[in-house]
Amino acid sequence: MDHKRELTSVDLAALEAELADFTGAKLDKAYLYAEDDLVRLKLRDFDRGRVEFIVELGDVKSAYVAAADHVPDAPGRPPDFAMMLRNRLSGADLVRVEQFEFDRILELEFDREDGSTTLVAELFGDGNLAVLDSHGEVIDCLETVRLKSRTVAPGTPYEFPSARFNPLTVDRDGFLARIRESDADLVRTLATQLNFGGLYGEELCTRAGIDYNVPVEELSDEQLDRVYEVVSALERQLREGELDPRVWYEDGDTPDDGGDPDRRRVDVTPVALEEYEDRYSERFGSFTDALDDYFHNVQREEEVEGGETTRPDFESEIAKYERIIEQQQGAIEDFQADADAEREKAELLYARYDLVDEVLSTVQDARSDDVAWADIESTFAEGADRGIPAAEAVVGVDGSEGTVTLEVDGTRVTVDAATGVEKNADELYKEAKRIEGKKEGAQAAVEDTREDLEAVKQRREQWEADDGDDDADPDGDSEDEPTDWLAEPSIPIRKNDQWYEQFRWFHTADGFLVIGGRDADDNEQLVQKYLERGDKFFHAQAHGGPVTVLKATGPSEAARDVDFPQSSLKQAAQFAVSYSSVWKDGRFAGDVYMVDPDQVSKTPESGEYLEKGGFAVRGDRTYFEDTPVGVAVGITCEDRTSVVGGPPAAIEGDVATSIEIEPGQYAQNDTAKRLYREFKARFADESFVRKVASPDLIQEFLPPGGSRMVEK
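Under this note's numbering, the first residue of the sequence shown is numbered 1, with each subsequent residue one higher.
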């Protein structure tokens, strides 16, 4: 079976809802990889941080959000099309993601103060990307299209292809009438007349229990009703986001299950398919994650099949980015020096206010009497000869610009002779602020380059790990030896920022996410935005505790009920009591209650008042009595490098090393420093600890109040 290379209309219908979750993200930068027909949109999302949106328009036609380490390195000099995108979209908000009708066309609309811009990605035929202004006129496009049926060209209104029949929105009568018009068999009718394509045409036949090749004219009313029912069920799945994204492999097991190590990925779908029930599939939390995994790995598989296994020159790429960072940091220092110089000039004007005011008043009086600029300059020169301080300060007069240059306490300052001291100083302060704005832009550019540098290092590490696995164990008979991270002389930094890191958080030993508030604002946000059906709400039976939420699903997944293991419930309860006033009071245990989301409300009863961060809980509660406090802080080194903290039973299995703490006599910042020194002593690579586990980062995971390390 060949690799899937293009998204279907059903795929885009599923993708539309997922990508809509990214509305509000700001576009940072756009890239065009001309040789690969690939457009990359780098965005910043408030909850998720960096978001990399990929649109492929060549042999592969797809759209998805990619992991940072799957993103190609930035190309060299950006082509005109990429520069146009940056000029139109930098700083713009993504406000709309929409599939056009039931076609393989995706619209991305961005808004900025100076207007809106829409990108139209055509994921069919030769592929194309058109950029439209707020009136729907084409600003530019990758490919100019001039057909009898439509035109896509700069300076003309964008013309969509003729609207296709949409089987997901038509009513029952219209659906059945469309089928009855066909003189083909059922599968061909679904694939072509109803635009489902071959795979989903077969899938719908299978779900309806009807043979593919039955002619439409021979279908009974009951069979037609079954076809409409399965199509309606698919429509509900896509509309409500009740997806089950899968990456499908060739027949048989995957390498991870002891099967053929050369087993290939062959398809990716937003829902499970009965047509593929005999194939192995890998499930994903979101369809865009599945697409990213599929298309990234298919490219690598094809490179291996084609013999393209030459090691990339990672070192040259790394050296290039390091040079760029050095240059950018030099520019930042220059901007800061220039801003400081302008601010110093403004302060000098105020420090020598009387002298500067005398010079400006002299010039203004002379000009009101129509005295020539040359004569004014001569007057100042004569005054300087006589030792007049104000005249001595004047080192230049420029009549063409209307300015006077003064030397004040060894610094030359050029002022506008037509205005006063305050106005001139204000202009200098504004110039300092403008330069600092350029400095901030340069700092953002440094961060972007550092991310690109880190991505190259991660790809090098992954390449070497994969290559090392092949060399060390060509038959796949031996198991990987665990890495002794404490003894490693140099540990690579792996970052993977997550939306929940704005709160307190940990993952239970069973893999469930728990998030808790740091303050009243966080508590408000958790209850109003992140508490969903299927989750569990925990709170200590004590004033001054965090809202704690045991999550059943991720933000991109549909809410569902989960039967949480008792171990996860107990760890969430321990988290809630440990970060409450129970710890701060020096107590070693406290009661915690648990309720469902629909029992938690921000609406008080009549006559009651809820303070900020407060909430009302109604109905029966499940109590965890005398729950012991307990927190461990550790450092992870495998998939990501970072400090983590939470209940000891949840933390200790996922870290290279950890330290358990209990209520004690040392303040938060002192405890953080003690843990930092202990971690440095445990790791051979002390610089690694400085980078990922500074005292400030450790302190974020410490409970309020005093603590001490538990001796073991």
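Even glycine gets a Cβ: it sits at the ideal position worked out from N, Cα and C.
With a cut-off of 8 Å on the beta carbons, I'd call residue i and residue j a contact; round off their distance for me.
i      : j      : result
Val395 : Thr405 : 5 Å
Pro663 : Phe575 : Not really, about 15 Å apart at Cβ, beyond 8 Å.
Thr117 : Leu132 : 7 Å
Ala573 : Phe615 : The pair is not a contact, with the Cβ atoms about 18 Å apart (cut-off 8 Å).
Asn128 : Phe165 : With 8 Å as the limit, Asn128 and Phe165 do not qualify as a contact, their Cβ atoms being about 23 Å apart.
Leu15  : Ala63  : 7 Å
Ala30  : Leu89  : 6 Å
Pro703 : Ala672 : Actually they do not touch by this definition, with Cβ atoms about 12 Å apart.
Lys570 : Phe624 : 7 Å
Arg504 : Pro546 : 6 Å
Pro389 : Leu355 : 6 Å
Tyr249 : Tyr200 : 20 Å between Cβ atoms; not a contact.
Lys4   : Asp267 : 5 Å
How far does the beta strand (DSSP E) with residue i in it reach, from first residue to last?
i      : result
Thr269 : Arg265 to Thr269
Asn523 : That residue, Asn523, is in no beta strand (DSSP E); its alpha helix (DSSP H) goes Ala520 to Gln525.
Leu642 : The sequence shown places Ser at residue 642, not Leu. Element bounds for Ser642: Ser642 to Gly646.
Ser281 : Arg279 to Arg283
Cys141 : Val138 to Cys141
Ile493 : Ile493 -> no beta strand (DSSP E), and no H or E assigned at all.
Ser134 : Counting along the chain, Ser134 falls outside any beta strand (DSSP E), and DSSP gives it neither H nor E.
Leu513 : Leu513 to Gly516
Glu179 : It should be pointed out that residue 179 corresponds to Ile in this sequence rather than to Glu. Run containing Ile179: none in the beta strand (DSSP E); it sits in the alpha helix (DSSP H), Arg172 to Arg180.
Ala576 : Here Ala576 belongs to no beta strand (DSSP E); instead the alpha helix (DSSP H) covers Gln566 to Ser578.
Phe81  : From DSSP, Phe81 is part of no beta strand (DSSP E) but of the alpha helix (DSSP H) over Asp80 to Leu89.
Ser707 : Ser707 to Met709
Leu94  : Asp93 to Gln99
Looking at the unbroken alpha helix (DSSP H) that takes in residue i, where does it start and where does it end?
i      : result
Trp505 : From DSSP, Trp505 is part of no alpha helix (DSSP H) but of the beta strand (DSSP E) over Arg504 to His507.
Ser378 : Trp373 to Asp385
Leu355 : Tyr353 to Ser368
Pro695 : Pro695 to Gln699
Ser687 : Glu686 to Val692
Phe679 : Gln668 to Arg682
Lys584 : Ser581 to Lys584
Arg207 : Gly197 to Ala208
Tyr228 : Asp221 to Glu240
Val10  : Ser9 to Ala20
Closer than 6 Å by C-beta to residue i: which residues in its own chain qualify, once you throw out the five before and the five after it? Chain order, please.
i      : result
Gly705 : Trp583 and Lys584
Ser245 : According to the sequence shown, residue 245 is Pro rather than Ser. Closer than 6 Å at the Cβ level, and outside the excluded window around Pro245, lie Pro270, Phe284, Phe287 and Ala290.
Ala601 : A small correction: the amino acid at residue 601 is Ser; Ala does not occupy that position in the sequence shown. Here the set comprises Ala616.
Leu19  : Val97
Lys61  : Glu6, Leu123 and Gly127
For residue i, collect the residues of the same chain with a Cβ closer than 8 Å to its Cβ; drop the 5 residues on either side in sequence, then sort them by chain order.
i      : result
Gly420 : Asp357 and Leu360
Leu348 : Val408, Asp409, Thr411 and Val413
Asp685 : Glu488, Pro489, Ser490 and Ile491
From the DSSP output, read off the bridge partner residues of residue i.
i      : result
Glu407 : Arg412
His539 : Tyr593
Ile635 : Val643 and Thr657
Gly396 : Thr405
Ala74  : According to DSSP, which records beta bridges pairwise, Ala74 is partnered with nothing at all.
Thr118 : Glu109 and Leu132
Tyr249 : Arg265
Asp185 : Pro215
Ile54  : Arg40 and Tyr64
Which same chain residues end up closer than 7 Å to residue i when comparing Cβ atoms and leaving out the 5 residues on each side of it in sequence?
i      : result
Leu186 : Cys205, Ile210, Tyr212, Val214, Val216 and Leu219
Asp2   : none
Asp338 : Ile435
Gly198 : Ala191
Asp111 : Ala92, Asp93 and Val95
Ile376 : Val363, Ala366 and Val397
Lys691 : Ile493
Using the Cβ count rule (16 or more neighbours within 10 Å means buried), how would you classify residue i?
i      : result
Arg677 : exposed
Trp485 : buried
Arg533 : exposed
Asn669 : exposed
Gln327 : exposed
Tyr500 : buried
Glu274 : exposed
Asp260 : Bear in mind that the predicted position of Asp260 carries a pLDDT of just 44, short of 50, making it unreliable; the figure below should be weighed with that in mind. So Asp260 ends up on the exposed side.
Thr169 : exposed
Thr603 : exposed
His135 : exposed
Glu202 : buried
Ser580 : buried
Lys430 : exposed
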